[in-house]
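Under our numbering, the first residue of the sequence shown carries the number 1, and numbering increases by one thereafter. All C-beta atoms, glycine included, are put in the ideal place defined by N, C-alpha and C.
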Amino acid sequence: MSTSTRLILLLTALVGTIMVTGGYLRLRQREAIVMTAMHNEVQAHAYTLQAALEVVRGQQDSGQTQQLLNRLIRNPKIYSVILFDEAGRATTLSDPLAAEALKSLPEVRQVLASGEPMQAVRETGGRQVFSVVMPVQLGAGRRGAFEITQPLSFVQADIARARRDVAWITLSLFAAITLGVLAVMSYNIWRPIRELLVGADALGRGELDHRVNVPDKGSEFARLAESFNHMAERLSRQRETATREAEERLTLERELRFQEVELRHRDRLATVGRLAAGVAHEMAAPLNVIDARAEQVQTRTDAPLATRQRNLTIIREQTERITQIVRQLLNLARPYELRRESLDLSQVIHDTVESLEADAQRSGVQFNVISNGPNGKVSIDADRGFLQQVLLNICRNGLQAMPAGGALRIETHAEAITKEGRDFVVLRITDTGAGIAEEHLAHIFDPFYTTKEVGSGTGLGLSVAHRIVEEHGGWIEAANASPHGATFNVYLPQSM
Numbered sequence: 001m002s003t004s005t006r007l008i009l010l011l012t013a014l015v016g017t018i019m020v021t022g023g024y025l026r027l028r029q030r031e032a033i034v035m036t037a038m039h040n041e042v043q044a045h046a047y048t049l050q051a052a053l054e055v056v057r058g059q060q061d062s063g064q065t066q067q068l069l070n071r072l073i074r075n076p077k078i079y080s081v082i083l084f085d086e087a088g089r090a091t092t093l094s095d096p097l098a099a100e101a102l103k104s105l106p107e108v109r110q111v112l113a114s115g116e117p118m119q120a121v122r123e124t125g126g127r128q129v130f131s132v133v134m135p136v137q138l139g140a141g142r143r144g145a146f147e148i149t150q151p152l153s154f155v156q157a158d159i160a161r162a163r164r165d166v167a168w169i170t171l172s173l174f175a176a177i178t179l180g181v182l183a184v185m186s187y188n189i190w191r192p193i194r195e196l197l198v199g200a201d202a203l204g205r206g207e208l209d210h211r212v213n214v215p216d217k218g219s220e221f222a223r224l225a226e227s228f229n230h231m232a233e234r235l236s237r238q239r240e241t242a243t244r245e246a247e248e249r250l251t252l253e254r255e256l257r258f259q260e261v262e263l264r265h266r267d268r269l270a271t272v273g274r275l276a277a278g279v280a281h282e283m284a285a286p287l288n289v290i291d292a293r294a295e296q297v298q299t300r301t302d303a304p305l306a307t308r309q310r311n312l313t314i315i316r317e318q319t320e321r322i323t324q325i326v327r328q329l330l331n332l333a334r335p336y337e338l339r340r341e342s343l344d345l346s347q348v349i350h351d352t353v354e355s356l357e358a359d360a361q362r363s364g365v366q367f368n369v370i371s372n373g374p375n376g377k378v379s380i381d382a383d384r385g386f387l388q389q390v391l392l393n394i395c396r397n398g399l400q401a402m403p404a405g406g407a408l409r410i411e412t413h414a415e416a417i418t419k420e421g422r423d424f425v426v427l428r429i430t431d432t433g434a435g436i437a438e439e440h441l442a443h444i445f446d447p448f449y450t451t452k453e454v455g456s457g458t459g460l461g462l463s464v465a466h467r468i469v470e471e472h473g474g475w476i477e478a479a480n481a482s483p484h485g486a487t488f489n490v491y492l493p494q495s496m
C-alpha cells in the first residue's frame, strides 16, 4: 500500500469519525429538543385545561365539561383527556375504551393525595403515551384530578425524521469532504509524486535531459522538483564532462597503443638486430677458423697426417661451438616441459658447485655456500635439470666477472616471501667482481645482451635462466652488491 493511499485512508477515517460523532451529538440534541417541546406542549394544554375545568366545575355543569374535553381531543396530538373525582374514579373521559385501564392508575391517587402534578410514560390501548396528571378544584373543598396524554408516536416520528436528516447530512458532508480531499491530494500530492517518480525512472534510464514540472511553486514538492531538476542538470553536465574526458582518454589510449606498437616493433627490430649481431659475432670466429683450417687441408696436400688431423679436429670443435649457439637459441624459443619434483635446494647447489670446481680453480674463485633452512635443508618443487641450468648460467656469469679471482657466495633462505597468495624461497648468488653498470641493469636478461667482448660469451645464459625461473612461477632480480660485485636473487615457489 502506497503512502498516499494510507494517508487518504487515515484522513477518511478521521473525517468519518468526526462526522459520525457530530451527527450523533446533533441527533441527541434534536431528541432532547423534541421531547422538551412535547413536555412543554402537553403541560401547556394541562394548565389551560386546569383553569377551564375549575371555571366549569364551579358552575356545576357536567355537559360543558364533556364539551370542553371533546373540543380538546380534536387536537390530533392529544390522545385522551380523563377527569377523576375526589375518589379517583373516572367521571368524564374522551376515550371510553381506556376506562378499564384507569381503575388502578397510581399517579391519580398520588396527585389527589399531594395536590402536585405528575408526569409519566405509560401504555394504553396498545400505544405508549406521555401522561400529565394535574389536580383540579371541584368546589366545596373537593379536589379532583385529570389526565391529559399525548402519543409518543408523534415524537418518535419526529426523532426518526431527525435521524434520517442527520444521517443524510452526515453522509453528504462526508462524501463532499472525501471528494474534496481526493481532489486536493490528487492535484497537490499525487500529481507531484507521479511527476517525481517519472523523473526518477527517466534518470534511471539515463535520460538526464528529463525535467520535472510541478505547478504549485510554493509547495514542498515544488522545491523538491526544483532540487531534482538541479541534480539532473548537474548529472547531465557531469556526463558530458565524463563523455568528453572518456573520448579524450580513448584518443590518448589509441595514440599510446599506436606508439606502443611502434615501440614494440622497433624493440623487436632492435632485438632481432642484437640477435643477428650476437649470432654473427659468435659464429664469425668459429666460421673464420673453419675456413682457415679447411683452406689448409685443401691447399697443403703434402702436410703431415698429424697436421691434417689437427685441422680436422679444430674444424669439428668450431662446428660444435656453432651447434651449441643454435641449441641455446632453440632452448630460449621453445616451450619447456618441466618435470617438477620435491628437491632439496642445497643438494642442487652442491652438485652445481662440484661441476664448476675446475673452472673456479682456474679463475682463482672460491665458493662460499650458506643454507639458512632448517637443518641446512630448503625444499622446493622444481625440475632438477632446468634448475641446475639456472645455477650454472648465473655462476658461470659470476666466474667470468672475476678473471683475477674472488669469492662466489651462494645463500638460500627458507623464510617464505608471499606474493599473490604463494610462498617463495630465495636463492641469492653474489660475486665480488666489478658489478653491473646502471645502464645495463635494465637489459641484463635480454637475449644476446652482453658487456663481454665478442667471443667471450653468447649473451644467452642469463636470458635462458630468466626464462626457466619464470616457467617455474618465480622471478629473478639483479642488483649491484655492496661494496662491489653483483647479486642475483632467484625466487622459487616453496614446496607445499
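(message) Between the alpha carbons of residue 518 and residue 294, how many angstroms are there, rounded?
(response) Shown here, the chain extends from 1 to 496; a query on residue 518 therefore has no answer.
(message) Can you look up residue 132 in the DSSP assignment and give me helix, strand or coil?
(response) Working through the sequence shown from its first residue, we reach residue 132 at position 132. Reduced to three states, the DSSP call for residue 132 is strand.
(request) Between the Cα of residue 48 and those of 134, 155, 5 and 33, spot the shortest distance and give me the residue it belongs to. (result) Position 48 of the sequence shown, counting from 1, holds the residue named residue 48. That would be 134, whose Cα lies nearest to the Cα of residue 48.
(message) Using only CA atoms, which one of 354, 467 and 151 lies nearest to residue 475?
(response) Start at 1 with the first residue of the sequence shown, and residue 475 comes out as number 475. Minimum Cα distance to residue 475 is reached at 467.
(request) Pick out the complete beta strand (DSSP E) segments inside the segment 393-479, 3 residues or longer, and give them in chain order. (result) Entirely contained in the segment 393-479, the beta strand (DSSP E) runs reaching 3 residues are, in chain order, 406-419 and 422-431.
(message) Whole angstroms are fine: how far does the CA of residue 256 sit from the CA of residue 495?
(response) Taking the first residue of the sequence shown as 1, we reach residue 495 at position 495. Taking the first residue of the sequence shown as 1, we reach residue 256 at position 256. Cα-Cα distance, rounded: 42 Å.
(request) Kindly indicate the opening and closing residues of the beta strand (DSSP E) around residue 93. (result) For the purposes of this step, residue 93 is identified with residue 93 of the sequence shown, where counting begins at 1. Note, residue 93: beta strand (DSSP E), 90-93.
(request) Assign residue 424 to one of two classes, buried (16 or more other C-beta atoms within 10 Å of its C-beta) or exposed (fewer than that). (result) As a first step, residue 424 is located in the sequence shown; it is residue number 424 there, counting from the start. The residue in question, residue 424, is buried, as its Cβ has 16 or more Cβ neighbours within 10 Å.
(request) Going by DSSP, name the residue or residues bridged to residue 373. (result) Position 373 of the sequence shown, counted from the first residue, corresponds to residue 373. Answer is none; residue 373 lacks a bridge partner.
(message) Suppose you measure from the CA of residue 313 to the CA of residue 373; what does that come to, to the nearest Å?
(response) Taking the sequence shown and counting its residues from 1, one reaches residue 313 at position 313. Taking the sequence shown and counting its residues from 1, one reaches residue 373 at position 373. Approximately 48 Å between the Cα atoms of the pair.
(request) Go ahead and pull the three-state DSSP assignment for residue 302. (result) Residue numbering aside, residue 302 sits at position 302 when the sequence shown is read from its first letter. Three-state DSSP puts residue 302 in coil, outside helix and strand.
(request) Kindly indicate which three-state DSSP category residue 117 falls into: helix, strand or coil? (result) Mapped onto the sequence shown, residue 117 falls at position 117. Residue 117 falls in the coil class under three-state DSSP.
(request) Look at the Cβ atom of residue 129, then the Cβ atom of residue 110, and state whether they are nearer than 8 Å. (result) Position 129 of the sequence shown, counted from the first residue, corresponds to residue 129. Position 110 of the sequence shown, counted from the first residue, corresponds to residue 110. Cβ distance not < 8 Å, so residue 129 and residue 110 don't count as in contact.
(request) Tell me whether residue 482 sits in a helix, a strand or coil according to DSSP, three-state version. (result) In the sequence shown, the residue the question calls residue 482 occupies position 482. DSSP places residue 482 in coil when its eight states are reduced to three.
(message) Comparing C-alpha positions only, which one of 370, 138, 186 and 289 sits nearest to residue 115?
(response) Against the sequence shown, residue 115 aligns to sequence position 115. Answer by Cα proximity: 138.
(message) Do residue 478 and residue 465 have their beta-carbon atoms positioned less than 8 Å apart in this structure?
(response) By one-based count along the sequence shown, residue 465 stands at place 465. By one-based count along the sequence shown, residue 478 stands at place 478. No. Outside cutoff.
(message) For residue 280 and residue 290, what's the separation of their Cα atoms in angstroms?
(response) Within the sequence shown, the letter at position 280 stands for residue 280. Within the sequence shown, the letter at position 290 stands for residue 290. Approximately 15 Å between the Cα atoms of the pair.
(request) Note down the Cα distance separating residue 83 from residue 142, rounded to an integer number of angstroms. (result) Stepping through the sequence shown from its first residue, residue 83 is reached at position 83. Stepping through the sequence shown from its first residue, residue 142 is reached at position 142. If I take the Cα positions, the gap works out to 14 Å.
(request) Starting from residue 357, follow the alpha helix (DSSP H) in both directions and report where the run begins and ends. (result) Within the sequence shown, the letter at position 357 stands for residue 357. In the DSSP assignment, residue 357 falls within the alpha helix (DSSP H) that extends over 357-363.
(request) Would you mind sorting residue 454 into buried or exposed? The rule is 16 or more other CB atoms within 10 Å of its CB. (result) Along the sequence shown, one-based indexing puts residue 454 at 454. For residue 454, the predicted structure reports a pLDDT of 49, less than 50, and the residue's modelled location is therefore unreliable. The matter cannot be settled from this model.
(message) Could you pull the DSSP bridge partners for residue 379 from this structure?
(response) As a position in the sequence shown, residue 379 is number 379, starting the count at 1. Answer is 344.
(request) Measure the beta-carbon distance from residue 212 to residue 195 and round it to whole angstroms, keeping in mind my assumption that it falls under 8 Å. (result) In the sequence shown, the residue the question calls residue 212 occupies position 212. In the sequence shown, the residue the question calls residue 195 occupies position 195. Going by Cβ atoms, the distance from residue 212 to residue 195 rounds to 5 Å, so yes, they are a contact pair.
(message) Could you compute how far the alpha carbon of residue 409 sits from the alpha carbon of residue 390?
(response) In the sequence shown, counting from the first residue as 1, residue 409 sits at position 409. In the sequence shown, counting from the first residue as 1, residue 390 sits at position 390. Each residue's alpha carbon lies about 15 Å from the other.
(request) Name the residue from 413, 360 and 375 whose alpha carbon lies nearest to the alpha carbon of residue 407. (result) Working through the sequence shown from its first residue, we reach residue 407 at position 407. For the residues 413, 360 and 375, the minimum Cα distance to residue 407 belongs to 360.
(message) In whole angstroms, give me the CA-to-CA distance for residue 7 and residue 42.
(response) Here residue 7 corresponds to residue number 7 of the sequence shown, with the count starting at 1. Here residue 42 corresponds to residue number 42 of the sequence shown, with the count starting at 1. Roughly 52 Å separates the two Cα atoms.
(message) Tell me which residues share the same chain as residue 13 and place their Cβ nearer than 8 Å to its Cβ, disregarding the 5 neighbours each side in the sequence.
(response) In the sequence shown, counting from the first residue as 1, residue 13 sits at position 13. Once the five neighbours on either side are set aside, residue 13 has no close Cβ partner at all.
(request) Along the beta strand (DSSP E) that carries residue 81, what are the first and last residues, could you check? (result) As a position in the sequence shown, residue 81 is number 81, starting the count at 1. Its beta strand (DSSP E) spans residues 80-84.
(request) Give the straight-line distance between the Cα atoms of residue 156 and residue 34, rounded to the nearest whole angstrom. (result) To locate residue 156, count along the sequence shown from 1; it is residue 156. To locate residue 34, count along the sequence shown from 1; it is residue 34. Rounded to whole angstroms, residue 156 to residue 34 spans 9 Å at the Cα level.
(request) Determine the direct distance from the alpha carbon of residue 366 to that of residue 488, and round the result to whole angstroms. (result) Counting from one through the sequence shown, the residue named residue 488 turns up at place 488. Counting from one through the sequence shown, the residue named residue 366 turns up at place 366. Each residue's CA atom was taken as its position, placing residue 488 and residue 366 some 17 Å apart.
(request) Please report how far the alpha carbon of residue 97 lies from the alpha carbon of residue 30, in whole angstroms. (result) As a position in the sequence shown, residue 97 is number 97, starting the count at 1. As a position in the sequence shown, residue 30 is number 30, starting the count at 1. Interpretation of residue 97 is limited by its pLDDT of 48, a score under 50 that renders its predicted location unreliable; the figure taken from the coordinates is listed afterwards. For residue 97 and residue 30, the gap between their C-alpha atoms comes out near 34 Å.
(request) Compare the C-alpha of residue 28 against each of 11, 167, 147 and 124 and name the closest. (result) The count along the sequence shown starts at 1 and reaches residue 28 at position 28. If we check each option's Cα against that of residue 28, 167 comes out closest.
(request) For residue 223, I'd like the list of residues in its chain whose CB is within less than 6 Å of its CB, leaving aside the five on either flank, ordered along the chain. (result) The sequence position of residue 223 within the sequence shown is 223, counting from 1. Nothing meets the Cβ criterion.
(request) State the Cα-Cα distance for the pair residue 259 and residue 265, rounded to the nearest angstrom. (result) Position 259 of the sequence shown, counted from the first residue, corresponds to residue 259. Position 265 of the sequence shown, counted from the first residue, corresponds to residue 265. Each residue's Cα considered, the two are about 10 Å apart.
(request) Mind checking who residue 238 pairs with in its DSSP beta bridge? (result) Here residue 238 corresponds to residue number 238 of the sequence shown, with the count starting at 1. Its beta-bridge partners do not exist; DSSP assigns none.
(message) Using CA atoms only, rank isn't needed, just tell me which of 363, 318, 230 and 371 is closest to residue 432.
(response) Residue 432 sits at position 432 when you count from the first residue of the sequence shown. Relative to residue 432, the option among 363, 318, 230 and 371 whose CA is nearest is 363.
(request) Would you kindly report the start and end of the unbroken alpha helix (DSSP H) that includes residue 199? (result) Position 199 of the sequence shown holds residue 199. Here the alpha helix (DSSP H) through residue 199 covers 191-204.
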